[in-house]
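Residues -45 to -1, 1 to 573 (mature numbering (1 follows the signal peptide of the UniProt record, and there is no 0)) make up the sequence shown, in order. For glycine and all other residues, C-beta sits at the position ideal for the given N, C-alpha and C. From a predicted model like this one, the values you see are computed outputs, not experimental measurements. Reviewing the structure listed below.
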Amino acid sequence: MVARQQQPRPRSPGRTAPSRWVGLLAAAGALVIGALPAAAPSAAAAETTGDDDTMTIAVSQPVDSLSPFVAQRLISTNILRLSYDFLTNYDAETNETIPGLAESWETSEDGLTWTFKIRDDVTWSDGEPLTAEDIAWTYTTIMEDEAAAKANGNFVANFESAEAPDPTTLKITLSERQATMLALDIPIVPKHVWEKVDDFGTFNNDKDFPVVGSGPFTITGYRPNQSVTLEANTDYWRGAPEFEKLVFRFIPEKDAQVEALRSGEVDLISGLTPAQADALQGEENITVNTASGKRFQAFTINPGARTQDGEEFGDGHPALKDKTLRQAIMRAIDKDEIVQKVYGGYAEPAGGYIPARYERYAWSPEGDERLDFDVDAANKMLDDAGYAMGDDGVRVSPDGDRLKLRMHVHNNRPDYVSMGRLMQERLADIGIEVDNRTVDPGVLSDALHNGKYDLIFTGWSVNPDPDYVLGIHTCDALPETPGTMRGDAYFCDRKYDELYDKQLAEDSDPEKRAEYVKQMQAVLYDEAVVNTLTYSNLLEAYRSDVIGSIQVQPDPGGNIWGQDGHWSFSMATPAAAGSGGTGLSAGVMAGIAAAVVLGVAAGGFFLWRRSATAEDRE
């Protein structure tokens, strides 16, 4: 065995020393937030939250499941991150890998065997000890049970075995090298509870409270489509959180959510529009947080829905199989116009698939490969390809099909609605008629999975390691049968797949891996099936008379909601106890300071990935 460890180095207050090899695996889907009209004035806020040690967070997305094996929506996975621990975690300020349940790790010379030293001082919330056997059982269950693999199966696809030779040793054997071994974003569950479950596909973990977990908070209540309640785990090994209770309250309307924040009915909201953020700036007892964009807004073009076996289905416009038409569509869209008119400048035009926030993997087209806004160039492309302009101003394909395209847009996303209108106008300039279908997200999801669309809006939150969001565009992500796809586009390209395999196996040279990732983005861009439009800023607001301090990630410039860890809530301090600004709670700081930071060989960044569904990524 070749030990790959790093001794702690001096660190700034509130920051854990980083390892040499860090990152993220991710993706995800993003939270759209709203609120019901406030039923009571600010003075009644205490009746809503109960006391000053309760934080109420408004969420517009209902929970899909509280099972770590099944849950995919952002709201659900964020709650589960508060409730269950992971093998490793990520520094709240730097996003660098720090120990989690694993205190240290080493890997064999060939990179196929990983051995983790597991902490011996962690207990489940029911008092039972957490051991390496719980971790091995969690991973093995995902490997062996198809239903249990729904949310996190991609993490263990290369696993030959996961074993626990003793209570503090976890041994993982791989079939191929895997560059994401310090980014296994799998909540560890208690074997003594979950081994009694008969069907992992239907068990939602929402009947017996409190839910047995090991994270900084314990789930103590759930009212479907209303709220989820968590209470602080006073025995949490990093130190007990200072907020005694968290309430995630389902409030679907954005504007009403802002009023609920103003009235004190809720304490934290996310997903603000620029107008809402501007309106809240400077209001008494409200702090607005503007984070650099980790999310892209996009639309995908239906190139012809098909299964992995090549069975075609759906009714996508046949002309969209032509790359020339897809590229002309991109050349007709003015991304700078979208940034200004839709986001009021709180965004930047998108180039590649990975937001510019992540410098290592970010890519932008150059020279002749650019599909910049140019209506004249787009019209010439279509003229040269034989798309004749009709008397009514709508083109006809060489096969005689009129270019009338259905565009599915989420009706609960004001930014998408506005973008859809702009796109409808711009595509008319090149002879494409758009049937703008602004619909409920469920209707949009059905259209996607049935292949019954032409253009469809999408978007993902991307974390520092892009493996997951890149993986949803491999040929393996195509549906086995109609309705079972795990991506948002019927994209399949063998060159892309080869590059994906190379980046996943490249665990020793981070720059080489980054080059593979950039080449993958170039393929996506050129094929113009998956089309990014903007990277929008993350706009959030909270009540500073309730929340004294709350951690952003990374720090500075980071976000509160949807972090690559549980830090925003586990580190938050009530206003009565805090001094304002961001920072660690005393208990959590002590726990982190006690951790020994260990790493693995030569550079790179790995962080957690987010899986998602069509409903939650928009």
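Simplified DSSP state of residue i, which is helix, strand or coil
i           : result
Gly542      : Unreliable positioning characterises Gly542 in this predicted model, as indicated by a pLDDT of 40, which lies under 50. The coordinate reading is nonetheless provided below. Reduced to three states, the DSSP call for Gly542 is helix.
Pro434      : coil
Pro84       : strand
residue 606 : In this structure the chain extends from -45 to 573, so residue 606 is not present and cannot be described.
Ala102      : helix
Pro304      : strand
Ala496      : strand
Phe155      : coil
Thr228      : coil
Ala340      : coil
Leu29       : helix
Trp415      : strand
Ala(-16)    : Note that Ala(-16) scores a pLDDT of 33, beneath 50, so its modelled location is shaky; the value from the coordinates is reported in the next line. Ala(-16) falls in the coil class under three-state DSSP.
His365      : strand
Ser182      : strand
residue 575 : Outside the displayed range of the chain (-45 to 573) lies residue 575, so it cannot be described from this structure.
Ser38       : helix
Ile12       : strand
Ala548      : Residue placement at Ala548 is poorly supported in this model, since its pLDDT is 38, which falls under 50; the coordinates still yield a value, given next. Residue state, collapsed to three classes: helix.
Lys359      : strand
Thr135      : coil
Lys249      : strand
Pro488      : The sequence shown places Leu at residue 488, not Pro. If DSSP states are grouped into helix, strand and coil, Leu488 belongs with the strands.
Trp69       : strand
Ile174      : strand
Ala117      : strand
Leu21       : coil
Cβ-based burial, residue i [other Cβ within 10 Å; buried from 16]
i           : result
residue 577 : Summary: the structure shown does not reach residue 577, with the chain confined to residues -45 through 573, and so no result is reported for it.
Val543      : Only weak support is given to the placement of Val543: the predicted model assigns it a pLDDT of 39, under 50, and the value that follows is read from those uncertain coordinates. Answer is buried; the Cβ neighbour count reaches 16.
Cys430      : exposed
residue 580 : The displayed coordinates of the chain run from -45 to 573. Any statement about residue 580 would go beyond what the structure contains.
Gln236      : exposed
Glu101      : exposed
Asp341      : According to the sequence as given, residue 341 is Gly; it is not Asp. Its Cβ having fewer than 16 others within 10 Å, Gly341 is exposed.
residue 574 : The structure shown does not extend to residue 574, since the chain spans only -45 to 573, so no value can be given for it.
Arg468      : buried
residue 586 : Outside the shown range of the chain (-45 to 573) lies residue 586, about which nothing can therefore be said.
Ala104      : buried
Glu453      : exposed
Asn492      : buried
Asp154      : exposed
Asn367      : buried
residue 650 : Since the displayed the chain opens at -45 and closes at 573, residue 650 lies outside it and no answer follows.
Arg281      : buried
Residue range of the unbroken alpha helix (DSSP H) whose run includes residue i
i      : result
Asn405 : 396 to 405
Gly375 : 369 to 383
Val424 : 422 to 426
Val221 : From DSSP, Val221 is part of no alpha helix (DSSP H); its letter is neither H nor E.
Thr279 : 278 to 286
Ile293 : 290 to 296
Leu459 : 449 to 460
Arg204 : From DSSP, Arg204 is part of no alpha helix (DSSP H) but of the beta strand (DSSP E) over 200 to 205.
Leu479 : 465 to 482
Best match in the options for proximity to residue i [C-alpha to C-alpha]
i      : options                        : result
Asn244 : Ala253, Ala260, Leu227         : Leu227
Ala254 : Trp69, Tyr451, Gly414          : Here residue 254 is Phe; the residue named in the question, Ala, does not match the sequence. Closest by alpha carbon: Gly414.
Pro165 : Val152, Ser491, Glu186, Ala104 : Glu186
Gly442 : Asp338, Asp7, Gln27, Pro310    : Gln27
Val128 : Asp338, Ser63, Asp190          : Reading off the sequence shown, one finds Thr at residue 128, where the question assumed Val. Here the closest residue by C-alpha is Ser63.
Leu56  : Trp79, Glu48, Asp420, His272   : Trp79
Tyr298 : Arg312, Thr11, Tyr451, Leu494  : Leu494
Thr93  : Glu58, Tyr39, Leu137, Trp60    : Tyr39
Ala106 : Ser31, Asn367, Gln282, Ala305  : Ser31
Ala260 : Leu275, Arg250, Ala246         : Leu275
Pro229 : Val167, Val294, Gln263         : Val294
Where the beta strand (DSSP E) through residue i begins and ends
i      : result
Asn113 : Careful: Asn113 lies outside any beta strand (DSSP E) and carries neither H nor E.
Ser59  : 57 to 62
Trp79  : Note, Trp79: premise wrong, no beta strand (DSSP E); not H, not E.
Tyr45  : 43 to 45
Pro54  : 52 to 54
Proximity test, Cβ basis, 9 Å: residue i and chain B
i     : result
Ala57 : The question asks about chain B, but that chain is absent: this structure has only one protein chain.
Does the region 478 to 486 come close enough to the region 502 to 519 that 3 or more CB-CB pairs lie under 8 Å? no
Within 8 Å, do at least three Cβ pairs link the region 145 to 153 to the region 67 to 86? yes
Would you check if there are 3 or more beta carbon pairs closer than 8 Å linking the region 19 to 26 to the region 156 to 166? yes
Under 8 Å: do the region 320 to 327 and the region 356 to 373 share three or more Cβ pairs, one atom per stretch? no
Touching or not, the region 343 to 353 and the region 298 to 318, by the rule of three or more beta carbon pairs under 8 Å? No, they do not touch.
Three or more C-beta pairs below 8 Å linking the region 374 to 383 and the region 396 to 409: Counting Cβ pairs under 8 Å, fewer than three are found: no touch.
Does the region 106 to 118 touch the region 390 to 397, meaning 3 or more C-beta pairs lie closer than 8 Å? At 8 Å Cβ cutoff, the stretches do not touch.
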